[in-house]
Amino acid sequence: MLQSRADLGTHSSVRPSEYFKTAVKSQATEINQMVPILQAAIDALGLLPAPATKNSSARDWRRETFGNALIRLRQLAETDFGRADSLGLLAITRYVFELSVWLSLLKKDERYGLVYYRELIETQLKFYTDVAAHLRLQVDLLDRFETIEANELAAARDKLSQAKGKIAPAEAIQAAMKRTDDMAGRHFSLYLDQAKVNGYGYQAHRVRTDDIPRTEEAIAALKTELGEFDLNVPADVRALVKGRWQWRKMAEEVGLAHEHDYIYSYASKLLHATPASITTNEQQLELSERF
Numbered sequence: 065m066l067q068s069r070a071d072l073g074t075h076s077s078v079r080p081s082e083y084f085k086t087a088v089k090s091q092a093t094e095i096n097q098m099v100p101i102l103q104a105a106i107d108a109l110g111l112l113p114a115p116a117t118k119n120s121s122a123r124d125w126r127r128e129t130f131g132n133a134l135i136r137l138r139q140l141a142e143t144d145f146g147r148a149d150s151l152g153l154l155a156i157t158r159y160v161f162e163l164s165v166w167l168s169l170l171k172k173d174e175r176y177g178l179v180y181y182r183e184l185i186e187t188q189l190k191f192y193t194d195v196a197a198h199l200r201l202q203v204d205l206l207d208r209f210e211t212i213e214a215n216e217l218a219a220a221r222d223k224l225s226q227a228k229g230k231i232a233p234a235e236a237i238q239a240a241m242k243r244t245d246d247m248a249g250r251h252f253s254l255y256l257d258q259a260k261v262n263g264y265g266y267q268a269h270r271v272r273t274d275d276i277p278r279t280e281e282a283i284a285a286l287k288t289e290l291g292e293f294d295l296n297v298p299a300d301v302r303a304l305v306k307g308r309w310q311w312r313k314m315a316e317e318v319g320l321a322h323e324h325d326y327i328y329s330y331a332s333k334l335l336h337a338t339p340a341s342i343t344t345n346e347q348q349l350e351l352s353e354r355f
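Taken in order, the sequence shown gives residues 65 to 355; the numbers are from our numbering.
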C-alpha cells in the first residue's frame, strides 16, 4: 500500500522531497503489481467466439470493449513508471482517463457499445482519408523531384559535352543524382529511400496505381458501413451523442468533468510546444507532480 506521511515520519523528520520520492516509488510498484490482477480479469472475461462486427449487439460491443481495455491497461501497467519520462507519463495519464470515460459510459448504459462502434468506424474513416490525402501529396512530391532530377541530369550532360572528356561521366551523373536526393531529403517522405533506388517517377507511379487505390477501397467500404449503421441504428442510441464526440461533454455525463479539466489543462500545457513548456529550466516533472 502507498505509505502515508504518518508511516514515513513527522513533517520535521521527513523532507518533502524524500516523501514524494518514496511515494512515487511505492505507487509505481503498486501499478506494476496490477499486471497479474489485470491478466486474471482478462482470462475470467474470456474472448467472444468472434470479434464484434457490424451485426453485433450493443452488449457484445460493450463486452469486447471491456476486454480490449483490460488488455491495454495490462500493457500500460507493465511500464517502468519510476523511469518514465514526463511526456510519456502525461500521455499515459490522459489515455487512461479517456479510457475510464469510455468504461464509465459503457457501465452506465450498454447502448454506448453501439456508440463506440460508430466512433470506431469514424476514426478509421478519418485515418484512411488522411492517408489518401498524404499519398496524393507524396505523388506530387515524387513527380516534382522526377522533374528536378531530369533537369539536373540534363545540365550534367551539357556540362560533360562542353568539358570534352575532362570530367568523368559517371561522377557527373552521380553528382546530379546526389543533388536531387539531398533536396528531396529535406522533405518528409515515406518513399524517399525506395525512390532513390527505383527512381522518383517510377515510385510515384507505384503509389498512384497501388497504394492510393487500396486506400480508396478502404474508404469506400467504411463509408458504406457507416451509412448502414446510421440507417439502422435506433433513435435512442443516436440521441446519446449529438454531433461530434466531445471528451468534455462525455466526461460530464459520467461525473468526471473536474478530472477532465485538470488533466487536459495540465497535459496540454506540457505536451504541446507552448511557451510554458519551452521556456523552462525543468525538463522533467517534479516528484510532487509525478505523484
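Using N, Cα and C, we set each Cβ at its ideal position, and we do this for glycine too. Quick caveat, the model's predicted, so the values are computed rather than measured.
Beta-carbon separation (whole angstroms), residue i vs residue j, contact threshold 8 Å
i, j, result
"leucine 189", "lysine 287", "7 Å"
"alanine 220", "alanine 239", "7 Å"
"leucine 256", "glycine 263", "Leucine 256 to glycine 263, Cβ: 12 Å. No contact."
"valine 203", "threonine 279", "That pair is no contact at about 12 Å."
"glutamate 213", "threonine 244", "4 Å"
"glutamate 323", "phenylalanine 130", "Not confirmed; about 20 Å, so no contact."
"alanine 259", "leucine 184", "Actually they do not touch by this definition, with Cβ atoms about 34 Å apart."
"arginine 175", "leucine 304", "6 Å"
Residue i, enclosing alpha helix (DSSP H) - first and last residue
i, result
"arginine 175", "Premise fails: arginine 175 is in no alpha helix (DSSP H) and is neither H nor E."
"methionine 241", "233-248"
"alanine 108", "99-109"
CA nearest to the CA of residue i, picked from the options
i, options, result
"histidine 269", "His324, Arg200, Ala104", "Arg200"
"alanine 359", "Ala234, Leu151, Ala236, Tyr176", "A question about residue 359 goes unanswered here, because the residues of the chain that appear run from 65 up to 355."
"leucine 334", "Leu154, Ala240, Leu254, Val179", "Leu154"
"leucine 134", "Leu102, Glu186, Gln226", "Leu102"
"glutamate 186", "Ala148, Ala285, Pro100, Asn262", "Ala285"
"lysine 118", "Leu169, Ala315, Ser90, Leu295", "Leu295"
"histidine 198", "Asp275, Ile156, Val160, Thr157", "Asp275"
"leucine 169", "Ser332, Trp309, Asn96, Asp325", "Trp309"
"alanine 331", "Thr157, Ala321, Phe209, Gly319", "Thr157"
"lysine 89", "Arg208, Arg147, Thr129, Leu304", "Arg147"
"glutamine 97", "Thr129, Asp107, Asp144, Pro115", "Asp144"
"leucine 178", "Leu206, His251, Arg126, Lys171", "Arg126"
"threonine 211", "Gln226, Ile283, Lys223, Met247", "Met247"
"glutamate 316", "Asp107, Lys172, Glu128", "Lys172"
"arginine 182", "Glu292, Tyr266, Ile327", "Glu292"
"tyrosine 159", "Val318, Pro339, Gly319, Trp311", "Trp311"
"phenylalanine 252", "Asp149, Phe209, Ala104, Ile327", "Phe209"
"alanine 282", "Leu254, Glu128, Glu94, Phe191", "Phe191"
"alanine 116", "Ala104, Asn132, Ile106", "Asn132"
Any non-hydrogen atom of the ligand SAM closer than 7 Å to residue i Cβ
i, result
"arginine 147", "By its list of ligands, the structure shown contains no ligand whatsoever, and the ligand SAM lies outside what it can speak to."
Quiz item: Three or more beta-carbon pairs under 8 Å between the stretch 109-128 and the stretch 139-146, yes or no?
Solution: no
Quiz item: What are the complete alpha helix (DSSP H) segments, minimum 4 residues, inside the stretch 255-331?
Solution: Here the runs fully enclosed are 256-262, 264-270, 276-296, 299-302, 311-317.
Quiz item: In the stretch 142-196, which residue ranges form an unbroken alpha helix (DSSP H) of at least 4 residues, counting only runs that do not cross its ends?
Solution: 150-172
Quiz item: Any contact of the stretch 159-173 with the stretch 285-300, i.e. 3+ C-beta pairs under 8 Å?
Solution: no
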